[in-house]
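Written below as C-alpha cells is the structure these notes are about.
Protein chains in written order, with the working numbering: chain U, -4 to 371; chain E, 430 to 928; chain W, 310 to 433.
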C-alpha cells in the first residue's frame, strides 16, 4: 500500500471516529439528562419523607414508609440521605441511621469491604463510619493497612466517627508504617475517640516510633487531657525527636497548665532549633503566666521572625503586665542610649526590631479592642 | 541541477513536517488518554473526598491567598469579597497593590474600612520595590491584609506577599480570577492527602467569557458569544485541562498557572521565591522547584487538580491575544534556555529526560514547524516536489487528527465535568474546534514564533495588555457583553515587571 | 403568623430547616445566597432570620452586619448557622450582631427551641 493510500485509510478511520465521538457526546448527554430527570421524579415524593425523618419526626409510620420504599426510589434519594446524615445531630441523626440500618445498609457495606475495587471498599468504609457501627471496628482497622491510600484515609476517618477508643492503637500504628495515613487525619480521628483513649495515648508517648509519639502528644493537647501534662512535659524536655518536642510544646500551650512554664522556658534556649523556640514562645502566651513576661520581652529582638512575632503576640495574652512590657519595648526605640559615645547615634538594631514587633502587637490589640467596642 | 536539489530538499522537509504533525498530535492523544484515566479515578472518589472533614478539622493547614494587583480598580472589590467567602477553615487574603496608578487601593479602603497597621515583614524572599504601608479592615475581623508597595512587577508583588504571609501554604491567585467557593478545599486536597511529599498543586483555569457572574461567583456556565474566546475554550480544555492533567499523572508537570496555584511556603523561601526578570515567572518557579528537589533527591509531588475552580477572562481581540501568546511563548523559550542544563540530564529523572525534551520538541519548536508547514507544503506543491493528491490527503490527515483530538477533549469534558449544559454550547464548541484549525492555529503559531524570536534576541520584553471590564453583579448578565460598564484599560500586573 | 427568613446555599440544609420551621408553625421564606437574603430581609422584614455563615458572595456575617446597619432591620433577631465550632467564628458572629448561633451538624429540634427562645427574648 502506498503512503497516500495509508493516509486515505487513516482519514476514513478518523471520520468514523469523529462520528462515534459525536454520537458518544450526544448520546451520553441525552442518557444523563434522562437519568437525572427520572431520578428527580422518583426522588420527589420520597424527599418529603426523608426531610420529615431528618427533621427528627419520630413517626414510626413515616420511618416504615421510607424503609419500605422500592430500591429504585431509595437509590434516587440515597445521596441526599447520606448528605443529611452528616449534617444533623441528635434524634434526627438516630432516626436516619435507623432507616439506613433497616434497609440493610450496614450489612451491605460490610459485604463490600473485601471487594477488589478500592472505590467499593472506601464507600463501604464511609457508610460504616456514617452509621457509627461499633461492630465495624475490626474490619475498619484492617482497612488501615489497605494498599489504596484513599481507602486508608476513609477508614481512619470512619473510625473517628464511630468513636470507639479501641481504635487508638491501630490508628497510631499507621503513622510509621510503609503505608501511612497522613498524621492530621489520624490526629483528627483520635480527637473523636473520647476520654477512654487518653490512657492509650499517654502510654504512646513512650512508643519507640517518633511519629507515634508526636501525634499522641498533639492529640493529648487537642482533647485537653490535663492529666497527661507531666508526661507531655517530659516529652518536651527529653524526647530525642524534634518533631515530638514541637508537638509537645504546642500541646502544653493548649493544656494551659502552669507547671509547663519551666520546660517551655527551657525550650527557648538559643541553642534550640528556631521552630521549637517559636512554638514554645506561642505556648507561653496560652499559659498566660505573667512570670514569663521578662523572657518573652527578651525574645522580641530575636533574629528569627517567628520567635519574635510569637513572643510579642504572647505578651498580649499576659494581661496588663504583658502589655506594659510591650509598651516599654516600643518606647525604647525612641530613647537615645544614655552611654552612647556618639550623641547622634540612634538605638541599636536589636532594640528597633523588638520595638517593631511590640508596635505590631500593640496595634493588633488596639484593633481588637476597637472591634469589641463597636459591637452593640 | 539546482531545481532538482531544491525539489529533493522540499520533498524531505515536507515529509518531515507532516510526520512531525502526526507525532505531536499522537503525543496529545497519549496525554488525553492519561487525563481521561485520571478523571475516572478522581470522579469515582468524589463521594468520599472528605471536604467536610477537612473543613471542620482544627488541623487543616491554613492558607495565605496572595492577590497581586496592579490597576485592578474595576473588579478588585468584588474579587476580594468573593475570596473572603471561600470555604476553608483558616485562611487570609493578602492583596498586594503593586504601585497602582488608579484607585485600586482607594476602592478597597472604602469598601473594607481599611486602617494602616505597623507590621514587621521578614525578608524571606528577595524583593525590590519597598513596602509603603500595610492595611487591615478596621471594624470587621475579616482576614484581609492589603499591602501597598512601590511598583516592582508581579514577581516582586508575589515575593512581598510570601514575606507577609502568616501561614504554611500560599495560594497565588490573579486578581481577576473568579473562584469557586470550594476552590481552596479542592486544590489543597493533595496537601491534605500527602502532606509530607506534596509541595505544589495547580488548579485549572477556565474561560469566564460568556458565563453569568453573580456576586463574584460563576452561576451559569456557557460558551462565549465571540469566536475568539470560543476557540480558546476548546483550546484551554485540550491543552491546559487535559494536557496538564496528563503530565501530572506522569509526574512531569512543568507549568502551574500563576492564576491559581498552591505552594508550600517553606519551600518557596528555600528556593528564593519567584525569579525577577522572568516572563513566565509561574512556570519558571515550578521548573526551579523540580530542579531543587531533584538535586536534593527528595521524594516530592507536584500535582494538578482538574476540578474546575478558577475562571478567567480570556482575550477577546486579536491584538490582546497576540500579545498574550507572544509573552507566553517567550516565557517558555526563556525558561527552557535558562534551565538548559536540565534537558536530557538523567540527574533530573523524568523531568530532565521526558518532560523538558518534550517541551523543547513539541512546545517550543511547534509553532516554527507549523509555520514552516504553512509555507513549505504549498511551495513543495508548486515546484512539484510533492504529488498533489498525496499532499491534499496528508494535510487533511494532519488537520483531521487535530480536529479529532478536540472532539476527544470535548467528549472527555462531557463525561467528566460537563459544565456546558446547553445544546447550543455543544454546537458552538464543535464549530470552534474546526475554526481552531483554520486560521487560529496558524495565527498563534506566528505569534509564538515571534515570542520565541524575541527571546532569542533578548531585547525589550513584550508585555501583555489586557482590557477588562470588571465583573458584573447584575443577574444573568453575560460576561462578555458588558459594554455599559465603564471600561478601564489597564496594563496587567505583569506589565510593569522588570521594565 | 411569625415569618422566618432562611438563607443557606446547601439545598439539603435549607429544605430541612424550612421543613422543620414550617412544621413548627412558622411562615418560612428560603433563599440560597447572602444577597438574596439581604434583599428579602430589607424589603419585607421577617420576624427572625436564620443565616448560614458560609455562603457564596455575601457571607452570613456580612448580611448580619448589613442588617444591623439598616434602620428597618436593626433589631431583627438573627441566628447564625456555622459549620465551625471554632471560637473565632462564634466571636465574629456575635461581633457582627448575631443573637445566637447553631453549629452544624445540628439537631433540628434544638434549632426550633433556639428560634423560640430568641423570639421569646425579643418579646420581653
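Every residue, glycine too, gets a C-beta built ideally from N, C-alpha and C.
- Residue 523 of chain E sits in a strand when the DSSP states are folded into three classes.
- Interface residue (Cβ-Cβ distance to chain E less than 7 Å): residue 104 of chain U is not classified as such.
- Under the three-pair Cβ rule at 8 Å, the segment 580 to 589 of chain E counts as touching the segment 520 to 534 of chain E.
- Residue-level contact by beta carbon fails for residue 704 of chain E and chain W, as no gap is shorter than 7 Å.
- Setting aside the 5 residues that flank it on each side, residue 247 of chain U is surrounded in the same chain by 216, 224, 227, 228, 231, 255, 258, 259, 278 and 282, each with a C-beta closer than 8 Å to its C-beta; the list follows chain order.
- Taking a contact as a CB-CB distance under 8 Å, the pair residue 385 of chain W and residue 354 of chain W counts as one, their CB atoms being some 6 Å apart.
- Just measuring C-alpha positions, the residue of E/697, E/660 and E/473 sitting nearest residue 854 of chain E is E/660.
- The Cβ neighbour count for residue 517 of chain E, taken over all protein chains shown within 10 Å, is at least 16; the residue is labelled buried.
- Excluding sequence positions up to five before and after residue 191 of chain U, its CB lies within less than 8 Å of the CB of 160, all in the same chain and listed in chain order.
- Beta-carbon to beta-carbon, residue 58 of chain U and residue 94 of chain U are separated by about 6 Å, close enough to satisfy the 8 Å threshold.
- In the structure shown, the three-state DSSP call for residue 858 of chain E is helix.
- If you draw a straight line from the Cα of residue 315 of chain U to the Cα of residue 538 of chain E, it comes to about 32 Å.
- Taking all protein chains shown into account, residue 847 of chain E has fewer than 16 neighbouring C-beta atoms within 10 Å of its C-beta and is therefore exposed.
- Using a Cβ-Cβ cut-off of 7 Å, residue 251 of chain U does not count as an interface residue toward chain E, since no Cβ of chain E sits closer than that to its own.
- Only 114, 117, 118 and 121 from the segment 108 to 126 of chain U bring a Cβ to less than 7 Å from some Cβ of chain E.
- A direct Cα-Cα distance of roughly 25 Å separates residue 441 of chain E from residue 832 of chain E.
- Residue 517 of chain E sits in coil when the DSSP states are folded into three classes, being neither helix nor strand.
- Between residue 271 of chain U and residue 291 of chain U, the CB-CB gap reaches or exceeds 7 Å.
- Measuring C-alpha to C-alpha distances from residue 251 of chain U to each of U/28, U/164, U/49 and U/218 identifies U/218 as the nearest.
- With a threshold of 16 other beta carbon atoms within 10 Å, residue 739 of chain E meets it and is buried.
- Taking a contact to require three or more Cβ pairs closer than 8 Å, the segment 552 to 571 of chain E and the segment 477 to 488 of chain E do not qualify as touching.
- The beta carbon of residue 312 of chain U is closer than 8 Å to those of 280, 281 and 283 in its chain, skipping five residues each way along the sequence.
- Note on geometry: alpha-carbon atoms of residue 630 of chain E and residue 370 of chain W lie some 30 Å from one another.
- Contact between residue 496 of chain E and residue 522 of chain E holds, with the beta-carbon distance rounding to 6 Å and staying under 8 Å.
- Residue-level contact by beta carbon holds for residue 514 of chain E and chain W, with a gap shorter than 7 Å.
- At a cut-off of 7 Å between beta carbons, residue 84 of chain U contacts chain W.
- Our two residues, residue 513 of chain E and residue 612 of chain E, have alpha carbons roughly 12 Å apart in a direct line.
- Residue 238 of chain U is a Cβ neighbour of residue 209 of chain U, given a cutoff of 7 Å.
- Under the three-state reduction of DSSP output, residue 692 of chain E falls in the strand class.
- In this structure, the beta-carbon distance from residue 294 of chain U to residue 275 of chain U does not fall below 7 Å.
- Secondary-structure assignment with DSSP links residue 879 of chain E through no beta bridge to anything.
- Annotated three-state conformation of residue 410 of chain W is strand, per DSSP.
- For residue 564 of chain E, the enclosing beta strand (DSSP E) stretches over residues 560 to 566.
- At a C-beta separation below 8 Å, residue 79 of chain U has these neighbours in chain W: 321 and 325.
- Nearest Cα to residue 641 of chain E within the set E/632, E/634 and E/652: E/652.
- Within the DSSP secondary-structure output, residue 601 of chain E pairs in a beta bridge with E/495 and E/690.
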